[in-house]
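Visitor: Submitted below is the structure of interest, expressed as structure tokens.
Number of protein chains: 2
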Amino acid sequence: MKIDSVDIAQTSSAASIICEALKKAIVEGRLKDGEPLRQDEIARMFNTSRIPVREALTMLEQQGLVATQRYKGAVVAGISPDEAAEIWDFRALVEGHVIEVAVPRMTAGTLAEAQAHLAAFAAAAGPMEWGDWNRRFHMVLYRASGLTYHLGIIEKTLDRVDRYIRAQLSLSNGLARADAEHRAILDACAAGDAGQAGALTRQHILGAKANLLANLRAD
Amino acid sequence: MKIDSVDIAQTSSAASIICEALKKAIVEGRLKDGEPLRQDEIARMFNTSRIPVREALTMLEQQGLVATQRYKGAVVAGISPDEAAEIWDFRALVEGHVIEVAVPRMTAGTLAEAQAHLAAFAAAAGPMEWGDWNRRFHMVLYRASGLTYHLGIIEKTLDRVDRYIRAQLSLSNGLARADAEHRAILDACAAGDAGQAGALTRQHILGAKANLLANLRAD
DNA sequence: ATACTGAATATCGGATACAATAATCAAGCG
DNA sequence: CGCTTGATTATTGTATCCGATATTCAGTAT
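If you read the protein sequences in the order shown, they are chains A and B. Note that the numbering used here has the first sequence beginning at 1, numbered continuously upward. Note that the numbering used here has the second sequence beginning at 1, numbered continuously upward.
Laid out in structure tokens, this is it:
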């Protein structure tokens with residue numbers, strides 16, 4: 001076999017492509033809470049029938065990103081202050097644990113990558129990029145844990161709340177504060193102090209929770 | 001309005017009915033790991049077309065209960081020893097935390113209900129019932145926490161592994177040991193000792209993990 | 001006998017068409 | 001004028017049909 005081979009496997013169906021596109025729009029906050037998602041309209045956007053659209057919406061509903069009512073359609077699922085408070089507590093619990101497992105397994109490459117994401121975060125120009133680099137920074141550290149199941153749950157949870165995190169980063173001091181805390185977390189990781197990394201991560205998340213709730217209440 | 005009104009709302013579509021039925025069969029272990037799920041076969045069973053079947057399968061895939069390959073179909077998703085180990089650690093983390101939150105919020109009714117489930121558990125006759133009452137016992141205690149998001153994650157995780165728990169309960173000493181540990185947990189709850197309840201729950205889960213891994217390795 | 005080739009079958013992904021339900025709106029009645 | 005009632009429209013849920021892909025198996029050549 002002397003020719004170069006390309007993996008031609010179509011691993012992605014129309015449904016999953018549509019799902020990913022919608023998910024991205026929701027996570028980035030381009031689709032607002034409660035905004036209805038019409039099957040016909042989406043089908044026309046992607047030049048497909050409604051069948052794959054319906055499967056995409058089914059996936060998103062399972063992920064908690066949209067809420068569907070029979071014969072009434074799907075809307076972007078919002079989040080109540082109570083839910084928000086609980087989800088941030090959950091994040092502190094799980095992400096705090098995962099980073100403690102991760103620290104002793106981090107390589108020089110892990111730390112370098114996290115450092116690079118931190119620099120990109122500081123240099124980024126708008127809420128979209130801030131959110132992206134923020135998330136990448138944390139996930140690189142978590143991924144060193146090798147805890148696949150935990151990581152999947154974390155990703156799902158972040159998908160659910162990423163747009164609120166982006167909004168918080170945009171507020172006054174949000175960016176500077178996050179940056180300082182990120183550096184402290186990374187220092188603890190570099191020092192191999194798992195307990196400290198866990199404690200700082202929990203503080204980071206619970207501090208964000210307090211800010212978020214204060215702002216949600218302001219509305 | 002003087003007549004009795006019945007909620008005639010059809011909250012359940014064909015897809016969700018099929019999904020629940022398949023989920024029950026998988027969770028109870030009646031469908032074995034790797035067993036293929038043919039669309040038209042299932043469609044015939046429920047007297048529907050394949051469309052709602054496909055939506056049910058996408059739901060189950062999102063929940064991690066089936067694995068789908070494009071143009072090849074869906075099979076019941078098994079679990080590797082590594083995944084099992086990680087999932088039990090996750091359970092210890094989350095369920096341990098949730099019960100600590102729950103203890104101070106438990107009412108006399110909560111404890112009575114848990115007690116009743118314990119009795120039913122001891123009186124039950126086979127692996128199916130053991131599994132059901134075991135799960136109900138734990139969930140009643142967790143539910144007192146009021147932590148909706150955490151509870152949802154716990155339910156999803158238990159769906160994923162319930163058949164393995166059932167299998168473990170059927171093994172020698174599995175039942176007696178679980179019963180003794182359940183009583184200890186309930187006692188701690190009744191005494192209002194959240195820390196103790198959390199510690200016992202974690203032991204309960206991590207002990208089960210050790211048993212499970214020993215048995216998985218024996219194969 | 002074995003390995004390759006190609007047709008036949010089984011199964012899945014998607015498009016079109018129809019049925020069921022909800023939302024809108026106009027007409028009639030008090 | 002407000003409320004109800006019925007028809008119209010919009011949207012969703014499901015069935016049927018068609019094209020795409022994978023699998024199986026018979027046939028053939030080496």
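Quick reminder that beta carbons are idealized off the backbone N, C-alpha and C, glycines included. Note that this is a predicted model, so its numbers are computed, not measured.
Exposed or buried, which one is Lys209 of chain A when buried takes at least 16 other CB atoms within 10 Å?
Guide: Lys209 of chain A should be labelled buried.
Visitor: With 8 Å as the threshold, decide whether the Cβ of Val94 of chain A is near any Cβ in chain B.
Guide: Closer than 8 Å: yes.
Visitor: Could you name the residues of the same chain whose beta carbon sits closer than 6 Å to that of Thr68 of chain B, not counting the 5 residues immediately before and after it, in chain order?
Guide: Hits under 6 Å: Glu61 and Ala74.
Visitor: If I measure Cβ to Cβ from Ile154 of chain B and keep anything under 8 Å in the same chain, skipping five residues before and after, which residues do I get?
Guide: For Ile154 of chain B, where only same-chain residues beyond five positions count, the Cβ hits under 8 Å are Arg91, Val94, Glu95, Val98, Met139 and Tyr142.
Visitor: Can a CB atom of chain B be found closer than 8 Å to the CB of His182 of chain A?
Guide: It does not: the Cβ of His182 of chain A has no partner Cβ on chain B nearer than 8 Å.
Visitor: Just the C-alpha distance for Glu83 of chain A and Arg166 of chain A, rounded to the nearest angstrom, thanks.
Guide: Distance between the alpha carbons of Glu83 of chain A and Arg166 of chain A: 17 Å.
Visitor: Could you pull the DSSP bridge partners for Thr68 of chain B from this structure?
Guide: Beta-bridge pairing links Thr68 of chain B to B:Ala74.
Visitor: On the CB-based measure, 16 or more other CB atoms within 10 Å of its CB, does Pro52 of chain A come out buried or exposed?
Guide: Answer is buried; the Cβ neighbour count reaches 16.
Visitor: Ignore the nearest five residues each way along the sequence and tell me which others in Met1 of chain A's own chain have a CB closer than 6 Å to its CB.
Guide: Since pLDDT at Met1 of chain A reaches only 45, below the 50 mark, its modelled position is unreliable, and the value read off the structure follows with that caveat. Closer than 6 Å at Cβ, skipping near neighbours: no residue.
Visitor: Distance check for Leu57 of chain B and Ala15 of chain A, CA to CA, integer angstroms please.
Guide: Taking the straight line joining both Cα atoms gives about 13 Å.
Visitor: Using CA atoms only, rank isn't needed, just tell me which of A:Gln196, A:Ala43, A:Arg217 and A:Gly131 is closest to Val103 of chain A.
Guide: Taking only the C-alpha atoms, the option nearest Val103 of chain A is A:Gln196.
Visitor: Using beta carbons (cut-off 8 Å, strictly below), is Tyr142 of chain A in contact with chain B?
Guide: With 8 Å as the cut-off, Tyr142 of chain A does not count as an interface residue toward chain B.
Visitor: In whole angstroms, what is the alpha-carbon distance linking Tyr149 of chain B and Lys156 of chain B?
Guide: In a straight line, the C-alpha of Tyr149 of chain B is about 11 Å away from that of Lys156 of chain B.
Visitor: Going by the beta-carbon positions, is the gap between Gln63 of chain A and Asp132 of chain A smaller than 8 Å?
Guide: In this structure, Asp132 of chain A does not lie closer than 8 Å to Gln63 of chain A by Cβ.
Visitor: Check whether the stretch 27-39 of chain A and the stretch 124-131 of chain B are in contact - that is, three or more C-beta pairs closer than 8 Å.
Guide: As far as the Cβ criterion goes, the stretch 27-39 of chain A does not touch the stretch 124-131 of chain B, which means the pair count is below three.
Visitor: For Glu155 of chain A, would you say it is in contact with chain B, using Cβ-to-Cβ distances shorter than 8 Å as the test?
Guide: No, Glu155 of chain A does not count as interfacial toward chain B.
Visitor: According to DSSP, simplified to helix, strand and coil, what is Leu171 of chain A?
Guide: Leu171 of chain A falls in the coil class under three-state DSSP.
Visitor: On the CB-based measure, 16 or more other CB atoms within 10 Å of its CB, does Arg163 of chain B come out buried or exposed?
Guide: Counting Cβ neighbours within 10 Å, Arg163 of chain B comes out buried, since at least 16 surround it.
Visitor: Closer than 7 Å by C-beta to Arg220 of chain A: which residues in its own chain qualify, once you throw out the five before and the five after it? Chain order, please.
Guide: Residue 220 of chain A is absent from the model: chain A starts at 1 and stops at 219.
Visitor: Just checking Leu60 of chain B against the ligand GTP - is the residue's beta carbon closer than 7 Å to any of the ligand's heavy atoms?
Guide: Of the ligands one can find in the structure shown there are none, so the ligand GTP has no counterpart to examine.
Visitor: Measuring alpha carbon to alpha carbon, tell me which of A:Asp179, A:Gly109, A:Ala122 and A:Ser13 ends up nearest Thr201 of chain A.
Guide: Taking only the C-alpha atoms, the option nearest Thr201 of chain A is A:Asp179.
Visitor: For the alpha helix (DSSP H) containing Thr58 of chain A, name the first residue and the last one.
Guide: Arg50 to Gln62 is the extent of the alpha helix (DSSP H) around Thr58 of chain A.
Visitor: I need the DSSP call for Leu37 of chain B, collapsed to helix, strand or coil.
Guide: It is a strand residue.
Visitor: DSSP three-state call for Met139 of chain B: helix, strand or coil?
Guide: In the structure shown, Met139 of chain B sits in a helix (DSSP, three-state: H, G or I).
Visitor: Grouping DSSP H, G and I as helix and E and B as strand, with all else coil, what is Ile165 of chain B?
Guide: In the structure shown, Ile165 of chain B sits in a helix (DSSP, three-state: H, G or I).
Visitor: Would you kindly report the start and end of the unbroken alpha helix (DSSP H) that includes Thr11 of chain B?
Guide: Unbroken run through Thr11 of chain B: none, as it is neither H nor E.
Visitor: Taking the alpha carbon of Asn47 of chain A as the point to measure from, which residue in A:Asp187, A:Val101 and A:Ile18 has its own alpha carbon closest?
Guide: With distances taken between Cα atoms, Asn47 of chain A lies closest to A:Ile18.
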